[in-house]
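Residue numbers (our numbering): 4 to 158.
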């Protein structure tokens, strides 16, 4: 099991380099983000757990999202939190969605998906695979993948 390495970037202390790389991506896309903005209590399959989403991102004025950053696999507890949050936001009619962002897509992955970024969206009691398409997404992914945080180098 690999340990996440706390990483400083853009005035934040992220819990992992992957979170910091996504912050680089958001900045490149000029999407305003808040890191670990607020926690909520969610319920999913009769379990109640606290949940602190990694990011709250304003993609466009009418498109706001909570984003959970995860490595290759999510745990059962992660599923409970993310699906519970997705259900909560849908039921409350708040307009936000919950996406799960994993590794930053490679150039080849973007080409394979016609320039779109493939992510999971929490929808009701399950995840739905969706494709995000925005101008500049390839360049932002490239910058985020190449960001260096070692030895005081800033992303």
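Where a beta carbon is used, it is the ideal one built from N, C-alpha and C, also for glycine.
Could you give the distance in angstroms between the alpha-carbon of residue i and the alpha-carbon of residue j?
i, j, result
"residue 73", "residue 26", "14 Å"
"residue 4", "residue 147", "Interpretation of residue 4 is limited by its pLDDT of 42, a score under 50 that renders its predicted location unreliable; no figure is taken from the coordinates."
"residue 150", "residue 36", "18 Å"
"residue 45", "residue 11", "29 Å"
"residue 143", "residue 118", "12 Å"
"residue 40", "residue 56", "8 Å"
"residue 136", "residue 51", "34 Å"
Run through DSSP, which three-state label would residue i get?
i, result
"residue 148", "helix"
"residue 77", "coil"
"residue 21", "helix"
"residue 35", "strand"
"residue 51", "strand"
"residue 12", "strand"
"residue 119", "coil"
"residue 107", "coil"
Please state if the CB of residue j and the CB of residue i are separated by a distance shorter than 9 Å.
i, j, result
"residue 90", "residue 128", "yes"
"residue 112", "residue 58", "no"
"residue 160", "residue 24", "Because residue 160 is not part of the residues shown, which for the chain are 4 to 158, the question remains open."
"residue 104", "residue 88", "no"
"residue 123", "residue 102", "yes"
"residue 32", "residue 20", "no"
If you count every other CB in all the chains shown that lies within 10 Å of the CB of residue i, and 16 or more means buried, which is it?
i, result
"residue 86", "buried"
"residue 78", "exposed"
"residue 109", "exposed"
"residue 134", "exposed"
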